[in-house]
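Data first, discussion second: the structure below is written as structure tokens.
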Amino acid sequence: MPSPAGTAAPATGCLDDEQALRFYRQMLLIRRFEERAARAYTEAKVGGYCHLNLGEEATVAGLMAALADTDYLFTNYREHGYAIARGIDPGRVMAELYGRRDGVSRGWGGSMHLFDVESRLMGGYGIVGGQVPLATGAALAIDYRAGQEAVMCLMGDGTTNIGAFHESLNLAALWHLPIVYVVVNNGRGMGTTVEESSAEPDLYRRASSYRMPSSRVDGNDPAAVHEAALEALRSARSGQPYLLETVSGRLKGHSVVDPAKYRDQAEIEALRAADPVLGFAAHLRERGLLNDDLSAGIEAEIAAAVEAAAAFAEASPLPEVSTLFDHTYATPVRNDSRRLPGQPLFAQAGVPA
């Protein structure tokens, strides 16, 4: 993993007691939710692809706390924790993973495609970097109508090697768009290390090509991430887009089906030693904010919430096949085909096209 050097953000000690405990509860909720999602996948209750935020909890909590309610969020496909931290009910998130009608995308999106207008989560995207041009376009729309909102666009380290990343940063810098690009650097693009795939492994430095301010922050420290994100958003709102790199390890494989055999024992042990949830809990104990009784109470509370989310998802009905093409377009489109597999391309008597 790269070093988080290059940031002046403060350490966890700058949080007041209430905020520190709030961050811990949120981080633990995301951890237990993702563990429950992984279990549901093995039980064949979650289909398709499934990418977890395990190890990324401090980054999630810090980034989401910095956003205003009116700001827009675009993510990649590793987005369950971000949705929860953005205020979406965990039951609705789990129901979407289960492909159920009460999910945030009505059961048709699944793990990689959470979307919620109310919380301004503008989607998780399965194509690497697919969200970056769209987020840049949203920032252009805000600028065009002189809005006060900002856009935060999340991506993994592998995205920084594709053309859309560079094209988007170039346009954002040229047009002074209100956007923060966040690279969540977990050290590997799937199984390949950043050093083996990037000639400039200090990914935040890539912004210098576009004269864009940037920094790197320790993604295991929620306070440091929070302060860095606030500074990045201040810059974006003033007309200077920003590139923020958070160094945040991935505790498991790329997805739930990846055994991560490309890691040696030393790397595995280093990741476990840097576990952000355990590390932050230890920090709270040192400050006298967490003891055995409080810890057990929080664990029980969160365990109940996660089980309730799973029960909600289980009880939610499956979507009707007839709704498969609903919401494909924001407004009606002429000749919009609703042909299901096996149906003829052209309409026949009694058979819809």
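Numbered according to my numbering, the sequence shown terminates at residue 1037, and the numbering increases by one at each position without gaps. Every residue, glycine too, gets a C-beta built ideally from N, C-alpha and C.
Quiz prompt | Of the residues Thr754, Asp942, Arg785 and Gly808, the one placed nearest Ser1040, counting alpha carbons only | solution = No answer is possible for residue 1040: the residues shown for the chain start at 685 and end at 1037.
Quiz item: Skipping 5 residues on each side, what residues in its chain have a beta carbon closer than 7 Å to that of Ser939?
Solution: Tyr733, Cys734 and His735
Quiz item: Do you know how far the Cα of Arg716 is from the Cα of Lys945?
Solution: 24 Å
Exercise. Go ahead and pull the three-state DSSP assignment for Cys837.
Key: strand
Exercise. State the DSSP-derived secondary structure class of Met1039, mapped to helix, strand or coil.
Key: Not covered by the structure: residue 1039. The range shown for the chain is 685 to 1037.
Quiz item: Taking DSSP as the reference, what is the three-state secondary structure of Val961?
Solution: helix
Quiz item: Quick one: complete alpha helix (DSSP H) runs, 4+ long, within the region 709 to 745?
Solution: none
Exercise. Could you name the residues of the same chain whose beta carbon sits closer than 6 Å to that of Gly923, not counting the 5 residues immediately before and after it, in chain order?
Key: His860
Quiz prompt | Below-8 Å beta-carbon distance, Pro1001 vs any chain D residue | solution = You won't find chain D in this structure, because it holds only one protein chain.
Quiz item: In chain order, which continuous runs of the beta strand (DSSP E) of length 3 or greater are located wholly inside the region 902 to 948?
Solution: 926 to 931
Exercise. Answer yes or no: do Gly746 and His910 have a C-beta to C-beta separation smaller than 8 Å?
Key: yes
Quiz item: Under 8 Å between the Cβ atoms of Arg900 and Glu879?
Solution: no
Practice problem: Name the residue from Pro817, Gln832, Ile772 and Ile811 whose alpha carbon lies nearest to the alpha carbon of Arg804. | Solution: Ile772
Exercise. Kindly provide the ranges of any beta strand (DSSP E) runs that are 3 or more residues long and lie completely inside the region 848 to 878, ordered along the chain.
Key: 863 to 869
Self-check item: Cα-Cα separation between Ala1014 and Phe758, rounded to whole angstroms
Solution: 18 Å
Quiz item: Below 8 Å, can you find three or more Cβ-Cβ pairs linking the region 777 to 789 to the region 995 to 1009?
Solution: yes
Exercise. Grab me the residues of Gly765's own chain with a C-beta within less than 6 Å of its C-beta, minus the 5 sequence neighbours each way, in chain order.
Key: Ile714, Asn737 and Val744
Quiz item: Is the distance from the Cβ of Leu968 to the Cβ of Tyr708 below 8 Å?
Solution: yes
Exercise. List the residues that DSSP assigns as beta-bridge partners of Arg900.
Key: Glu929
Self-check item: Buried/exposed call for Leu1008, threshold 16 Cβ in 10 Å
Solution: exposed
Practice problem: Rounded to whole angstroms, what's the CA-CA distance from Arg829 to Arg1018? Just pull it up for me. | Solution: 29 Å
Exercise. List the DSSP bridge partners of Asp800.
Key: Leu805
Quiz prompt | Asn904, buried or exposed, once every other Cβ within 10 Å from all chains shown has been counted against 16 | solution = buried
Quiz item: Taking Cβ to Cβ, would you say Leu887 is nearer than 8 Å to Asp841?
Solution: yes
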